[in-house]
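These notes are about the structure you will find just below.
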Amino acid sequence: AMSKTQWQSVETVGDQSPYVSAITGHIKTTVPLIRDNLASSRKYFTQFCIKFVNSFIPKFIQSIFKCKPLSAAGAEQLLLDAHMLKTILLGLPLVGSKVNREAPSSFTKSLLEV
């Protein structure tokens, strides 16, 4: 959906794009299942989250480069979408968790380095 959007014809910046909502929905349904299956060792789940982010972000950046041509509003919308995805990814280890704690520092550090 991201590459099929006509970014040069975007005139106003709105809420997050439909592709961000789709990614968020997939994360919210899949991550809790993976966490539950790796419940015996939190470090394996943290490593999964790190590996996911390290593979997702470069693919997202590649997709951004394929979105040419852009209007100014289209670029602003992509910036908003990127910020929303970063926020979602920062909370990745905690998605659907009943325990209220911060994401492991090793995960947060690896996300901010990418």
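Just so you know, we're using UniProt numbering here: the sequence shown kicks off at 1 and counts up by one. Glycine residues also receive a C-beta, built at the ideal position from the N, C-alpha and C atoms.
Residues near residue i by beta carbon distance below 7 Å, same chain, minus five either side
i           : result
residue 102 : none
Residue i versus the options, residue with shortest Cα-Cα distance
i          : options          : result
residue 89 : 50, 44, 19, 37   : 50
residue 29 : 105, 96, 39, 15  : 96
residue 23 : 106, 60, 100     : 60
residue 57 : 45, 81, 68       : 81
residue 13 : 66, 77, 46, 69   : 77
residue 4  : 83, 25, 64       : 64
residue 87 : 46, 112, 99, 106 : 112
Residue i: CB within 8 Å of a non-hydrogen atom of the ligand MN
i          : result
residue 94 : Ligands are entirely absent from the displayed structure, and the ligand MN is therefore not among its contents.
Contact set for residue i: own chain, Cβ-Cβ below 6 Å, skip 5 residues either direction
i           : result
residue 110 : 50
residue 67  : 7
residue 17  : 81
residue 15  : none
Contact under 9 Å by Cβ, residue i with residue j
i           : j          : result
residue 20  : residue 71 : no
residue 85  : residue 31 : no
residue 38  : residue 48 : yes
residue 104 : residue 35 : no
- request: Mind listing, in chain order, the continuous alpha helix (DSSP H) runs of no fewer than 4 residues lying wholly within the region 31-82?
  value: 42-65
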